[in-house]
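Student: Residue numbers (my numbering): 5 to 333.
Glycine is no exception: its CB is placed at the ideal position from the N, C-alpha and C atoms.
Since the model is a prediction, treat every value here as computed from it, not as a measurement.
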Amino acid sequence: MDGVPLETRVALLRAYGTFPQAYSATYQPNLLHFGDQRGFIAYKKIGRTAFVLADPVAPPDHHADLIGRFLKQYPIADFWQVSRPTVEILLPQGFLINELGPDPRLDLATYSFSGKDKQNLRTAINRAAKSGYVIRECSLTSLDIDEVRKMSEAWRATRTIRSREVSFINRPFEAKDEVDVRKFFLFDRDGRLQALGGFDPIYEGGEIVGYIAQHNRNRPEVASFADHAIKRHAIETFQREGRKWFYLGLAPFAHLLNQQYKSSRSQLVHRIFVFSYKNDLVNRLIYPLKGHELHKRQFRGAVEQTYCAFSRRPTIPRLFMTLRACNII
């Protein structure tokens, strides 16, 4: 059941890749795939634990059977960034369930940048224009790819994890053209590349119905409004094309109310998530969780909670294995 060929995964993605991580589950390097022509589960193996990325890419009525077969082969498993329907399959099997954080979604048919609470978004593209910036969608092959790589490396040098790309929950950035991925670039008045935004497709019934904001890269000296300007340009482009959805990406550890699954959660995981989100040192030295959530909140999207699920009670060493799966340590 392991080793689903890429062509099979792509066919399933186009038919059933209706959730934000489906593209990453299909294409991300160094993931394993369990299943067959009826559907697959993407995962990474660390020690005896299988770390599953998101929901199955399969018809909804096949999810329970596919997950059941997977757990027979890999009984020690953690599921990350899964939806509520997947949680409802795992819960009767004794899994502990924790909220992970929302993936805000915009309904492109009705979304508007008007309103006082979106003033920052409206002014971003105006400030970009006044600064002489131009935003353009184009292929990477039409640009100097070495320049793109240098910009990406300069951006990563400002991050806590500088020497490598974070993976698993994040799809690693690759300086190349990718199937159905849209990239928008910001140039200064001299035509010099300053920033980019990459957007992975979301499918339904063989059609692209939306996108998720997957990557952003910029030169360290570029103004903070550049990312807002690129996203607004992309959103308005997708609206003109008649796409349905735009996802802003995971906001880790935000809005952890955990009321529905409170009796089934891991208290250790919940406390670590809440502490990490609130702690200033974590936000300053490890990952800007609050800033990440604030950036996404400014778009005023619908908050859709995602979850993580554990077949066995998590321990500190096991959570460190998750960091290893994400290439953080």
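Would you call the stretch 223–233 and the stretch 89–107 in contact, with 3 or more CB pairs under 8 Å?
Tutor: no
Student: Along the beta strand (DSSP E) that carries residue 237, what are the first and last residues, could you check?
Tutor: Residue mapping note: residue 237 aligns to position 233 of the sequence shown, counting from 1. The continuous stretches of beta strand (DSSP E) do not include residue 237, which lies in the alpha helix (DSSP H) extending over residues 229–244.
Student: With three or more C-beta pairs closer than 8 Å as the rule, is the stretch 54–71 touching the stretch 37–46?
Tutor: yes
Student: What residue range does the beta strand (DSSP E) around residue 140 cover?
Tutor: One-based indexing of the sequence shown puts residue 140 at position 136. Residues 138–141.
Student: Report the three-state DSSP secondary structure of residue 95 (helix, strand or coil).
Tutor: Indexing the sequence shown from 1 puts residue 95 at position 91. The answer is helix: DSSP assigns residue 95 an H, G or I state.
Student: Give the range of the beta strand (DSSP E) segment to which residue 164 is assigned.
Tutor: One-based indexing of the sequence shown puts residue 164 at position 160. Premise fails: residue 164 is in no beta strand (DSSP E) and is neither H nor E.
Student: Does DSSP classify residue 108 as helix, strand or coil?
Tutor: Translated into positions along the sequence shown, residue 108 becomes position 104. Coil.
Student: Strictly by DSSP, which residues pair up with residue 189?
Tutor: Taking the first residue of the sequence shown as 1, we reach residue 189 at position 185. The partner list for residue 189 (beta bridge, DSSP) reads 140 and 200.
Student: What is the rounded straight-line gap between the Cα of residue 92 and the Cα of residue 237?
Tutor: Here residue 92 is taken as the residue at index 88 of the sequence shown, counted from 1. Here residue 237 is taken as the residue at index 233 of the sequence shown, counted from 1. Roughly 37 Å separates the two Cα atoms.
Student: Taking three-plus beta-carbon pairs below 8 Å as touching, is the stretch 23–43 in contact with the stretch 57–77?
Tutor: yes
Student: With distances taken from CA atoms, which of 151, 143 and 254 is nearest residue 312?
Tutor: What you label residue 312 is simply residue 308 of the sequence shown in a count that begins at 1. Distance check between residue 312 and each of 151, 143 and 254 places 254 closest, using alpha-carbon atoms only.
Student: Who does residue 49 pair with in a DSSP beta bridge?
Tutor: On the sequence shown, residue 49 is found 45 positions in, with the first residue counted as 1. Residue 49 pairs with 54.
Student: Helix or strand or just coil, what does DSSP make of residue 194?
Tutor: Position 190 of the sequence shown, counted from the first residue, corresponds to residue 194. It is coil, neither helix nor strand.
Student: Flag this pair as yes or no: are the beta carbons of residue 268 and residue 95 separated by less than 8 Å?
Tutor: Here residue 268 is taken as the residue at index 264 of the sequence shown, counted from 1. Here residue 95 is taken as the residue at index 91 of the sequence shown, counted from 1. The answer is yes: Cβ separation under 8 Å.
Student: With distance defined between alpha-carbon atoms, name the residue in 281, 298 and 300 nearest to residue 291.
Tutor: Numbered from its first residue, the sequence shown carries residue 291 at position 287. Answer by Cα proximity: 281.
Student: Is it the case that the Cβ atoms of residue 31 and residue 205 are separated by a distance below 8 Å?
Tutor: Stepping through the sequence shown from its first residue, residue 31 is reached at position 27. Stepping through the sequence shown from its first residue, residue 205 is reached at position 201. Their beta carbons are not under 8 Å apart, which means residue 31 does not touch residue 205 by this criterion.
Student: Inspect the CB distances between the stretch 127–136 and the stretch 285–302 and report whether three or more fall short of 8 Å.
Tutor: no
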